[in-house]
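**Q** Right, I'll just put the structure down here and ask away after.
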Amino acid sequence: MTSTACFMIVSRNDIPIYEAEVGAAPKKEEAVHQHQFILHAALDIVQDIAWTTSAMFLKSIDRFNDLVVSVYVTAAIHTRLMLLHDSRNDDGIKSFFQEVHELYIKSLLNPLYLPGSRIKSSHFDTKVRALARKYL
Amino acid sequence: MDPVHSPLGRMLLDEITPVLMIISTPLAEETAQKNGLTFLEMLSPFCSFNNIDVPVRTASDQPYRLRKFKLRIVYASDVRQPDIEVARKRLKQVITSAGEMEQSDLFLDPPPIESVLNTSQPECMPTWFQYFNEELVRTVSFSDHEAFDHPVACLLVVSSNDEEPLSRFADMYNTNQLPPMFNDGSMDPKILKHFLLLHDKQNGSAEKATKVLTGMRSTFGLHDCRLLCINSSRDGLVDHQENLWAPYKSGASANQHLGGFLSSDDLDELRNAMQDLSSNFIIPQMEQRIRVLNQQVSATRKGFRNQIKNLWWRKGKDDAADSSSGSMYTFTSIESQIRVLADFAFMLQDYELALSNYRLLSTDYKLDKAWKQYAGVQEMMGLTYFMLDQSRKEAEYCMENAFHTYLRIGSAGMRNATRCGLWWAEMLKTRDQCKDAAAVYFRISGEEPLHSAVMLEQASYCYLFANPPMLRKYGFHLILSGDLYKKCDQIKHAIRTYRGALSVFKGTEWSHIRDHVHFHIGKWYAFLDTFDVAIKNMLEILACGHQSKATQELFLKDFFQIVQKTGKTFEVLKLQLPVIDIPSLKVFFEDRRTYASLADASAKESLWQSLEEDMVPSASAALLSGNKSSWLQVQTMVLPTKTKDTNVCVAGEAIAVDIGFRNPLQISLSVSCISLICEHSSSSEEGEKAETSFSTQRGHNAFMELSSATTLFTATEVDVSLGGGETILVQLKVTPRVEGALKIVGVRWKLSGSVVGFYNFQSEMPNKKTTKGRRKAKQSPFDNLSFLVIKSLPKLESFIHHLPKTVSAGDLQRLTLELRNPSEIPVKNMKMKISHPRFLRVGSPEVLGMEFPACLEKKASNAKCDEDVKSKASDKLFFFPKDTEIHCKTPLLWPLWLWAATPGKFSFYMSIYYETGDISSIIKYRTLRIHHILEVLPSLDVSFQISPCPSKLQEYLVRLNIVNQTRLESFKLHQLSAVGKEWELSLFQPIDTIFPTGVLMAGQALSCFFKLKNLRTTEDEVSSLEASEGASMRLNHGSNEPVFDMCSSPLFEFHRHERVCQRAYEQQEQQTVDFILISRPQRSNNSLEQTQTNSFDIAAHYACHCRTASTSPVCWLMDGPRIIHHDFSSSLCEIKLKITIYNSSDVSVSVRISTSDSIQPGSSSTSSSVLSANEAGWHDLSLITEMKVTSSISGSGSGIRRPTSPECVPPFIWSGVSSSCVELGPKSTTEVPLLICVFSPGIHDLSNYALHWNYKDVKAGESVLSGTCDGHPYYLTVLQHE
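First to last, the sequence lines map onto chains P and E.
First residue of the first sequence: 1, per the UniProt record's numbering; consecutive thereafter.
First residue of the second sequence: 1, per the UniProt record's numbering; consecutive thereafter.
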């Protein structure tokens, strides 16, 4: 399990709809904004790369110091699953992304969920954290 | 782009140029100092030549012309590696001064990102970057591994005032004067020398100087000597058009007067001297040197043989001197010479030659593992490639290689790496590889925070200029750089970077980013005492519910600190704390509808309207009345058309607004002085609106205006404390004092006593429109926040005394309604309507004077009271007597009766209509609405079961079941009454034996039996008066308490309603009886006072429409002998029987009695099953089993002869007609004779007959038209007569 991992789902217009610190390391207050900054900046790279490849999983597209950003772009480019991590477990990250993507699709199917709005479901949250423990 | 004109090209042409070393005497310096300049500074402006046009030949004799040329001049004392600390200080100075310069737009709003993108590259990038970069590059000058900093010549300067100038030159010629680098072998001490005699014209004519010059020429050579005359201006006031020396003089202010003694002739001479020196001395000398070196290199290194030799030789040298990297190569070594050759070639812009030699050198250094030298050569290779504008990949590869190599050799190479990186980044930028350039800048940023900050900032600009622009990266790197600036106390730079980042992050949804940026920039602005901008930024982060509690506290603490520092209360239009919950906004006001309390106004308007429907004059009715102008006409007349849709309110009466305040934080907030912002405009006579108070602009004058506005209206102020995450609904009131128009504009509050927040409702209007569909339907008047204030009207105030919140079911209470009119104008024509007449009724005023339970007791004058009540309370609408007027200070008291009919929670709506005496007002009448929620708890569960008495026709057995459903209370049973004239009620046993305690404890159940007798069928007509008295029966044993009169006003009324209510369950008009049980609750567990007041409590329980269990309208009784002795041997026994049939219904019924000799086997079983379900009443006991027991004792066949099977002969047969029909009028009785023949002795059950009845006059809607009743068991014992 990685010590630092910050997972975010970014929707259209770069609006974050879900964020979670899933690392094993104790959560540090000042790190949260740094993680957001790194992930936010990495969107620039995603924007470039996403159109050049057909793969959904873009591994290690950006880095800041020892933190690496991996991204999973859903079929409709708008939604990007972003993970900031310090481990190199690519397979695990890929599986993590795939499973979370499935979860995300399930929550999209909820007729009461407005696409692009913040995901507030606690069920989703616990599932994501469980997946993070499993794969990362 | 031509590399020469690119920024890097210009930089290289500036920086990698020949160095001219200057050694001067103090007197020479003194001469220059007269102009406020050192000698070096004086020469500096003339060392750069843009079009020198010198013909040069390459090593291979190819001629070309040198256009741009620059000499770097340094004092001999400066020819050494710069001190790191000094360099650092100098760089810091550069940054600080740059920060000071850029104050102007620091406090403005950040420009929108679009405009940043549209501005051209140099405009938005700070100009001092280039200067800083140059300074940074200079910190690594004169390093021992490079040759382009080696002075190509030395200028010896002696003043003509010096004594014996020639010997001075000779002294300087001594190598001891040379900098140490010449002596440790890294530079060639045999440097070219040029001798300059400086003559100050103020010190006399040049004659002496020319004489000295002649001497010099003879001593040092003809071409190496020169005379320079300066200071020809006498007064020292020569004004130069442009300040030539400003860029070269450190710390010079722009208006400092420099070069005062230098006339234009002097300047020309200086310029000519330097040009001459360059073109005729330095360049040719360098060219010469290149040739010599090139020949040497060719001789030793070029060619196949030399290469093999070189390789071999190097291999041997391999392990010898690896570690001594520093002074491995002296100036005499071939490597150094190649380097000098290459650098000179580079400086003379012969890049081909330079490149070939760098290449040659790089392999050597690599083989020698002289990494620093190797890196330096690689770096130069990269630059040469760039200047040649070929092989970009090579160039980049070389730069990267150099950069890595520098980094690899550790701290010594750090600064070289920085320089290399700068050049590399510039190179990439020239080729539009901004992204890569940014990465390089990022890598340069090392441990020195200040340098890193600048590098990161440059990196951010690279991202901005990348194509497509990478704004997020731009923002991120600006933030990183800003943090580093802050670390180095460069606050202005920090603010500048954050300000740039703000334009990227403005309005971002990334909450932590937004908070971080706004919080820090806000803090820094506060540090610079720019509080308004600071607060503006801090305001953005106040609603930081997503942050941890500690962060929230920090944010708020800092915010309030800043606010405190300003020393004034800040006013903010859209303060985010606390959050205003706009959907919770509710406005309560009173026009013609007034409310007893504001909480009552929250009830639905439609409920009130339906309640008041027939009480309030409708518009059409008012118009029809016609005799005087109705209120509607007046209203349309008076109201201006534009205010037609506004609400009407009355001066002096408060308008209340409910607003929810939500605290999004986890820490508690104190919010004080919450009040409404209103706008009052009094309409003048002409009807045009004149703005008198409270301008719509909420500026700083809002507070001042408030005080003046108090005469027009008053607004309440509320203070609340909001806990973490709490939402509080605050009720604010505003009371207009003067007629006119009042508009509620918004709400104002004070956060923690220091910050005033405003919220404008109007600005939310478009927002509201989206939900209009729903809101409009519900509460249209609340959408509008403007009111027409009319002059004050009387308004009734009501208060209901002793109105409880909860009562037990059945409780009967007398309440007093108090109506007061605080105004001078009386009100009249009052009407009242109550929504739940079942629970609440208006009493008669005389009750007020009486004791409460006593007024219900039986009195002689009952009948009159009865009449009275009936006439008055016939409808839900209650008219107060015509002459009732409520004047000021004389409240009207009126009794009300409350009776809790059924358990549950009930909302009572009362509306009192009244008219004002004032004709001139728009509002003619008003209604006072009272709303009360009453919770009724279950108390006693009373049920009755009536079954007919088999032995008597008009008597019934009543079983009363009472269960006390309460937990604590006990009840004392008082009285049971059967309502109706025809009933008589009596106990079977005295109550003392059935129910000795007399008090029903909590949870206790009781059942007792009564005999109920119908008096009417006994044909003797009793007077109604007596009947009603006879129906009540006391249940308490003290028996000194009086019996309550069931016909007294409230009890009768409630009973009447109860009858109506309970009828809903009844299907059929039947003979029914209504019971009223009256009990006295005993709440003894409370205080003394409590019990005392409660001793007057009465609880009444009504049970209406009780009737017998059967559905048949007829009842009958078989009459006849029970025991007969007969001698069966003589004859068969004929027995006469008689059936008395009573029709209890109001319709005539025809009854047919059919007898059958055989019995349907199912009949008895069905009846028993029915009865087994029934608890009470008369049961047909299954005598069969009982008799069998007795028969077993007697042994003989004297059991019941029930005809069990059809084939055996029945012991008796019905004789006479098998069926007879009779007709029965309503409530009438008839007798039918019957006859049976008994054949054998025994006990016979004569129940094998049936009564078929059907209604004669069939009424529509009756569900049961006919039916069949089986006969009652009638046991006839026939004994053998001995």
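Heads up, the beta-carbon is just placed ideally off N, CA and C, and yes, glycines get one too.
Determine the extent of the beta strand (DSSP E) in which methionine 910 of chain E is found, giving its start and end residues.
**A** Taken as a continuous stretch (DSSP letters only), the beta strand (DSSP E) holding methionine 910 of chain E covers 904-916.
**Q** Report the neighbours of proline 16 of chain P on chain E: residues whose CB is nearer than 7 Å to its CB, in chain order.
**A** Near proline 16 of chain P (Cβ distances below 7 Å), the residues of chain E are Glu509, Trp510.
**Q** For phenylalanine 758 of chain E and valine 572 of chain E, I'd like the C-alpha separation in whole angstroms.
**A** Between phenylalanine 758 of chain E and valine 572 of chain E, the C-alpha separation is close to 6 Å.
**Q** If I measure Cβ to Cβ from residue 139 of chain P and keep anything under 8 Å in the same chain, skipping five residues before and after, which residues do I get?
**A** Missing from the structure shown is residue 139 of chain P; chain P here goes from 1 to 136 and no further.
**Q** Starting from glycine 1267 of chain E, follow the beta strand (DSSP E) in both directions and report where the run begins and ends.
**A** Start and end: 1266-1270.
**Q** Are the beta-carbon atoms belonging to histidine 194 of chain E and cysteine 229 of chain E less than 9 Å from one another?
**A** No, they are not a contact pair.
**Q** Methionine 101 of chain E to serine 481 of chain E, Cα distance in whole Å?
**A** Each residue's alpha carbon lies about 19 Å from the other.
**Q** Any beta carbon from chain E within less than 9 Å of leucine 83 of chain P's own beta carbon?
**A** No, because no Cβ of chain E sits closer than 9 Å to the Cβ of leucine 83 of chain P.
**Q** Less than 9 Å between CB atoms is the rule here; does aspartate 44 of chain P satisfy it with respect to chain C?
**A** Checking the listed chains, one finds no chain C in this structure; the protein chains it contains are P and E.
**Q** Pull up the distance between the alpha-carbon of proline 794 of chain E and that of proline 891 of chain E, whole angstroms please.
**A** Near 13 Å, if we compare the C-alpha coordinates of proline 891 of chain E and proline 794 of chain E.
**Q** Is the shortest distance between the beta-carbon of leucine 472 of chain E and the beta-carbons of chain P less than 9 Å?
**A** This sequence places arginine at residue 472 of chain E; leucine is not what is there. Arginine 472 of chain E counts as touching chain P.
**Q** If you measure beta-carbon to beta-carbon, which residues of the segment 535-551 of chain E are closer than 8 Å to chain P?
**A** Listed by position, the residues of the segment 535-551 of chain E near chain P (Cβ gap below 8 Å) are Ser548, Ala550, Thr551.
**Q** What residues in the segment 24-36 of chain P bring their beta carbon closer than 7 Å to a beta carbon of chain E?
**A** Listed by position, the residues of the segment 24-36 of chain P near chain E (Cβ gap below 7 Å) are Glu29, Val32, His33, Gln36.
**Q** Could you name the residues of chain P that residue 1287 of chain E contacts, counting a contact when the two beta carbons are closer than 9 Å?
**A** Any question about residue 1287 of chain E goes unanswered here, given that chain E covers just 1 to 1282.
**Q** Name, in chain order, the residues that DSSP records as bridge partners for leucine 1279 of chain E.
**A** Leucine 1279 of chain E is bridged to E:His1125.
**Q** For a contact defined as C-beta to C-beta under 7 Å, what are the partners of histidine 516 of chain E on chain P?
**A** What histidine 516 of chain E touches in chain P: His33.
**Q** What's the gap between the Cα of serine 1148 of chain E and the Cα of phenylalanine 839 of chain E?
**A** The straight-line gap from Cα to Cα measures roughly 38 Å.
**Q** Below 8 Å on the Cβ atoms is my guess for histidine 900 of chain E versus valine 963 of chain E; work out the distance and round it to an integer in Å.
**A** The amino acid occupying residue 900 of chain E in the given sequence is alanine; histidine does not appear at that position. Contact doesn't hold; Cβ gap of about 17 Å is too wide.
**Q** Touch check for the segment 199-218 of chain E and the segment 149-163 of chain E: three-plus C-beta pairs under 8 Å?
**A** Yes: at least three Cβ pairs fall under 8 Å.
**Q** If you reduce the DSSP assignment to three classes, tell me which class phenylalanine 555 of chain E lands in.
**A** DSSP places phenylalanine 555 of chain E in helix when its eight states are reduced to three.
**Q** To the nearest angstrom, report how far apart valine 1170 of chain E and asparagine 961 of chain E are at their CA atoms.
**A** Note that valine 1170 of chain E has pLDDT 40, beneath the 50 cutoff, so the model's placement of it is unreliable and no number is given.
**Q** Taking its Cβ as the centre, do 16 or more other Cβ atoms sit within 10 Å of arginine 88 of chain P, making it buried, or is it exposed?
**A** Under this definition arginine 88 of chain P is an exposed residue.
**Q** Please list the partners that isoleucine 52 of chain E has in chain P, where partner means a Cβ-to-Cβ separation under 7 Å.
**A** Near isoleucine 52 of chain E there are no residues of chain P at all, since even the closest Cβ is about 46 Å away, more than 7 Å.
**Q** Count the other CB atoms, across all protein chains shown, that sit within 10 Å of the CB of arginine 168 of chain E; report buried if there are 16 or more and exposed otherwise.
**A** Arginine 168 of chain E comes out buried.
**Q** Chain E partners of histidine 101 of chain P, CB-CB under 7 Å?
**A** Under the 7 Å cutoff, chain E gives no residues; its nearest Cβ is about 21 Å from histidine 101 of chain P.
**Q** Mapping DSSP to helix, strand and coil, what is glutamine 1004 of chain E?
**A** In this structure, glutamine 1004 of chain E counts as coil in the three-state DSSP scheme.
**Q** Which residues share a DSSP beta bridge with serine 986 of chain E?
**A** DSSP, once it has assigned bridges, lists E:Lys1011 as partnering serine 986 of chain E.
**Q** So with CB distances below 9 Å, who are the chain P contacts of isoleucine 513 of chain E?
**A** Residues of chain P passing the Cβ test: His33, Gln36, Phe37, His40.
**Q** Name, please, each residue of chain P whose Cβ falls closer than 8 Å to the Cβ of phenylalanine 479 of chain E.
**A** Rather than phenylalanine, the amino acid found at residue 479 of chain E in this sequence is isoleucine. Here the neighbours are Phe37.
**Q** On the CB-based measure, 16 or more other CB atoms within 10 Å of its CB, does glutamine 697 of chain E come out buried or exposed?
**A** Note that glutamine 697 of chain E scores a pLDDT of 39, beneath 50, so its modelled location is shaky; the value from the coordinates is reported in the next line. Exposed, by the Cβ-count rule.
**Q** Let me know the beta strand (DSSP E) ranges lying completely inside the segment 375-441 of chain E, each 3 residues or longer, listed in chain order.
**A** Qualifying beta strand (DSSP E) stretches: none in this window.
**Q** Name, in chain order, the residues that DSSP records as bridge partners for methionine 187 of chain E.
**A** BP columns for methionine 187 of chain E are empty, so no partner.
**Q** By DSSP, does threonine 696 of chain E sit in helix, in strand, or in coil?
**A** Here threonine 696 of chain E scores only 39 on pLDDT, less than 50, and its place in the model should not be relied on; the value that follows carries that caveat. The answer is coil: DSSP assigns threonine 696 of chain E none of H, G, I, E or B.
**Q** Taking only beta-carbon atoms, is residue 1297 of chain E less than 9 Å away from chain P?
**A** Residue numbering for chain E in the displayed model covers 1 to 1282; residue 1297 of chain E lies beyond these limits and cannot be assessed.
**Q** Hey, how far is the Cα of glutamine 458 of chain E from the Cα of valine 46 of chain P?
**A** Roughly 22 Å between the two C-alpha positions.
**Q** Rounded to a whole number of angstroms, what is the C-alpha to C-alpha distance between lysine 568 of chain E and lysine 557 of chain E?
**A** Approximately 17 Å between the Cα atoms of the pair.
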